[in-house]
Amino acid sequence: MSTFDNPFDPSRPLNRAGCACGRHASEAEHARDPAVHLQCSPVESEDKRYESVVASAVLRAIFPQDVSRRAFLQSVGASTALAAVSQFFPLGTATDLFAQSGPVEKKDLKVGFIPITCATPIIMAKPMGFYEKHGLNVEVIKTAGWAVIRDKTINKEYDAAHMLSPMPIAITMGIGSNPIPYTMPAVENINGQAITLSIKHKDKRDPKSWKGFKFAVPFDYSMHNYLLRYYLAEHGIDPDQDVQIRAVPPPEMVANLRADNIDGFLGPDPMNQRAVFDGVGFIHILSKEIWDGHPCCAFAASKEFVTGMPKTYAALLKSIIDATAFAHKAENRKQIAEAIAPANYINQPVTVLEQILTGTYADGLGTVKTDPNRVDFDPFPWQSFAVWIMTQMKRWGQIKGDVDYKGVAEQVFLATDTAKLMTEVGMTPPKATTKSFSVMGKAFDPEKPEDYLGSFKIKRAS
Amino acid sequence: MTQNLTFRAGIVSVLLFVTFVLAWHLATRGTGAVQQMSPEYAKLMGLTATQGKSAMPGPLEVGAKLWEHVSDPFYDKGPNDKGVGIQIAYSIGRVLIGYGLAVLFAIPIGFVIGMSPLMYRALDPFIQVLKPISPLAWMPLALYTIKDSNLSSIFVIFICSLWPTLINTAFGVAQVRKEWLNVARTLEVGTLRRAFTVILPAAAPTILTGMRISIGIAWLVIVAAEMLVGGTGIGYFVWNEWNNLSIVNVIVAIVTIGVIGMILDMILAKATKLVTFPE
């Protein structure tokens, strides 16, 4: 369930296909069914959003399984459930605390970003005034690459930054840099990546024919790397033996594709669409076809910032959650595309950004495709995502030996807001907020990461 | 005769330039093959794909863009989008600090090395190892230890532009004619005075040649460093436009970098002329 969905709605869709309750093939059919109009309508007002985010977190903590949440809501009804939950958890107080805008410790902040559409919430919060709304004067600074953004955040030149979601885990565990406690209080986007191949390979749509290809991914510790490796391995291609995968900064991907240096890439947008726009590549598949709802980029901050300046951190996070919620709505996407296109931000043609954000896009082979969920924005850092990322890190030999999956996931993927707010009102925070999901049809159980890892044929870990 | 020669050289330069621009114009004018596509699909595509327009811009486009930048060089539309003038100012500022430090450091050390054959031999292996290291190789180390990207770029300029001045100073000092030193000795000139009144003027042309090589290197390095670190400067401008695959702007930046580099070199060439003496 998405953080912005009404948590008291027992019929909210668990997957994106079909209707809300899952009993009908489409939303239109669902609307015609008189039985569904009996439940209460979701809260839509902007002011109520914090309340619903908090409520959503609380309810998720009480019922980690969607199924039991539904069963509970269906049996007692939403209003009774709300009353029951409020009785032992003061939702109002928690919401007030969350929405409270006391003087922040530090008003002028610097937030680093990489110019890709994943960073949409961080970027748009500036031109669209979300930071100002929460009393912050934030400068969003464009940065040249992931290693630099990591170093600049560690150096404290940035207060917080846009990172790839595996990066805070890697930094915390000390892979590729010294271990520094890092936190990831929010995911920025889900989906929104794609495998783009050079136009000369337009007849090689079967991954089995990709032996000898050279691929680019943005960074070693990226969802892109893990998803591409997963996808290749599922098709029997060993990503280390049969193909070459190299880390190439996103801006250089299209140039390299044009120069025939690489055969394709699993990269972030706008690079996929830009390759199509310039006629050098085509979109083979969207990353959502590998794992629908996968996290990609993240909003990250050092533990020191989170604990040292809690009010600033809360205000910043609120701005991001606000912006993410705004970006989540399809009707705002065009406006966002225009706001983030200028040279100061992403620096890409508006046409390209619009195609990515609205999901009506040219695929590079002469067809216009429509997929409104091509990219979506949902901030909740599911800890099971972190566990999956660590299984893949171990699978490809980036980490060795025993891994404290749960410990690291809890330390890095903060459901801190919720947890912190709950502690403040004298409650015990929930242990973990996990959900299971499936990648290319294979279910992942966050409770059994080692079994999951053992089930793969192609892997480096012994 | 020299007047005449300069004039003729000028004509050849202009002719070469015109030929080059004309060839460039002709080479980029053509359009490539275009695939058939439906109108709504075409609307989502770029000009290269729809009209077969060459990805390489022609001289007219570049000229127009250059004019656009020159006519408004100091705009400031936020931290990531500043005018070319401001970017250049940032780059020159960094270069001058890094280069200035390098010169302040290199000349005294070069003097010591040049005046003492022992130090010359002892330090030689270090200099030879450190000299050929690329600026980009220093950058990760600098970022990690200095913990400030701006200081890191300055450090990288410093470390890269240090060597030519250092080596040239040492060489110039060591090569001062023995007769002059002997004359100074007969006149019982003190060491300090000898260094400033005899050796320095004698070695000055060589030192300035070293400084001229150094400034060229510093200007080369700044672009690479700023592309890596980002933020501000002409190197960042190139990177930002590369990110947008805007070849027009990249060419504009290349031209600008070349012109500034030439001006810096000319200033030091003039300075070298000032200290050169006839023998």
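Quick mapping for you: the protein sequence lines, in order, are chains G and V. For reference, each letter of the first sequence is one residue, going 1 to 462 in this note's numbering. For reference, each letter of the second sequence is one residue, going 1001 to 1279 in this note's numbering. Ideal placement from N, C-alpha and C gives every residue a C-beta, glycine not left out. Source: prediction; values computed, not measured.
{"Asked": "Considering only C-alpha positions, which residue in the set G:V104, G:L353 and G:G359 is nearest to G:E132?", "Found": "G:V104"}
{"Asked": "What runs of the alpha helix (DSSP H), each 4 residues or longer, lie entirely inside the segment 228–288 of chain G?", "Found": "250–258 and 271–277"}
{"Asked": "Within 10 angstroms of the Cβ of G:D378, are there 16 or more other Cβ atoms? Answer buried if so, exposed if not.", "Found": "buried"}
{"Asked": "Once the 5 residues before and after G:D220 are set aside, which same chain residues still bring their CB inside 6 angstroms of it?", "Found": "A247"}
{"Asked": "Does the CB of G:R374 have a neighbour CB from chain V at under 9 angstroms?", "Found": "no"}
{"Asked": "Does the segment 203–218 of chain G come close enough to the segment 1197–1216 of chain V to have 3 or more Cβ pairs within less than 8 angstroms?", "Found": "no"}
{"Asked": "Where does G:K448 fall in DSSP's three states?", "Found": "coil"}
{"Asked": "Using a Cβ-Cβ cut-off of less than 8 angstroms, list which residues of the segment 1223–1235 of chain V approach chain G; keep chain order.", "Found": "M1227, L1228, V1229, G1230 and G1231"}
{"Asked": "For G:Y182, report the span of its beta strand (DSSP E) as first-last.", "Found": "Y182 to V187"}
{"Asked": "Short of 8 angstroms in beta carbon distance, which residues of its chain neighbour V:A1218, apart from the five on each side in sequence? Order them along the chain.", "Found": "V1095, G1098, Y1099, A1102, I1157, C1160 and S1161"}
{"Asked": "With a threshold of 9 angstroms between beta carbons, is G:F265 in contact with chain V?", "Found": "no"}
{"Asked": "Consult DSSP for G:E105 and reduce its assignment to one of helix, strand or coil.", "Found": "coil"}
{"Asked": "Determine the closest residue to G:D240 out of G:D363, G:Q398 and G:M253, with distance taken between C-alpha atoms.", "Found": "G:Q398"}
{"Asked": "Can you say whether V:K1077 is buried or exposed, counting buried as having 16 or more other CB atoms within 10 angstroms of its CB?", "Found": "exposed"}
{"Asked": "Using the beta-carbon count (16 or more within 10 Å), is G:H284 buried or exposed?", "Found": "buried"}
{"Asked": "Could you give the residue range of the alpha helix (DSSP H) that holds G:L164?", "Found": "Taken as a continuous stretch (DSSP letters only), G:L164 belongs to no alpha helix (DSSP H), being part of the beta strand (DSSP E) at A160 to L164."}
{"Asked": "Any beta-carbon of chain G closer than 9 angstroms to the one on V:E1179?", "Found": "no"}
{"Asked": "With a CB to CB cut of under 7 angstroms and the five nearest residues on each side skipped, what residues in its chain are close to V:M1119?", "Found": "V1112 and I1113"}
{"Asked": "Kindly list, in the order they appear in chain G, the residues whose Cβ is closer than 8 angstroms to that of V:Y1075.", "Found": "Within chain G, no residue comes near V:Y1075; the closest Cβ sits about 10 angstroms away, beyond 8 angstroms."}
{"Asked": "What residue range is occupied by the uninterrupted alpha helix (DSSP H) comprising G:F437?", "Found": "From DSSP, G:F437 is part of no alpha helix (DSSP H) but of the beta strand (DSSP E) over F437 to V439."}
{"Asked": "Which residues does DSSP pair with V:V1284 in a beta bridge?", "Found": "Any property of residue 1284 of chain V remains undetermined from this structure, which presents chain V solely from 1001 to 1279."}
{"Asked": "For V:W1242, which residues in chain G fall below 9 angstroms Cβ to Cβ?", "Found": "P251, E252 and A255"}
{"Asked": "Note down, in chain order, all residues in the segment 131–143 of chain G with a beta-carbon under 8 angstroms from any beta-carbon belonging to chain V.", "Found": "E139, V140, I141, K142 and T143"}
{"Asked": "Examine chain G for any beta-carbon lying closer than 9 angstroms to the beta-carbon of V:W1067, and answer yes or no.", "Found": "no"}
{"Asked": "Taking 9 angstroms as the threshold (beta carbon to beta carbon), is G:G359 in contact with chain V?", "Found": "no"}
{"Asked": "Using only the alpha-carbon positions, how far apart do V:P1205 and V:N1004 sit?", "Found": "29 angstroms"}
{"Asked": "Under a CB-based cut-off of 9 angstroms, is G:Y452 close to chain V?", "Found": "no"}
{"Asked": "Taking G:F215 as part of the beta strand (DSSP E), name the residues at either end of that continuous run.", "Found": "K214 to V217"}
{"Asked": "Residues in the same chain with beta-carbon distance under 8 angstroms from G:P251, minus the five sequence neighbours each way, listed in chain order, please.", "Found": "P115 and M271"}
{"Asked": "Between which two residues does the alpha helix (DSSP H) containing G:N137 stretch?", "Found": "That residue, G:N137, is in no alpha helix (DSSP H); its beta strand (DSSP E) goes N137 to K142."}
{"Asked": "From the beta carbon of V:Y1144, is the nearest beta carbon of chain G less than 9 angstroms away?", "Found": "yes"}
{"Asked": "Rounded to the nearest angstrom, what separates G:D292 and G:I458 at their Cα positions?", "Found": "22 angstroms"}
{"Asked": "Taking just the CA atoms, how far does G:T143 sit from G:V350?", "Found": "21 angstroms"}
{"Asked": "Are the CB atoms of G:I290 and G:Y231 within a distance shorter than 9 angstroms?", "Found": "yes"}
{"Asked": "Please report the residue range of the alpha helix (DSSP H) in which G:D322 lies.", "Found": "P310 to H328"}
{"Asked": "Give me the subset of the segment 1078–1112 of chain V whose CB atoms are less than 7 angstroms from a CB atom of chain G, sorted by chain position.", "Found": "G1078, P1079, N1080 and D1081"}
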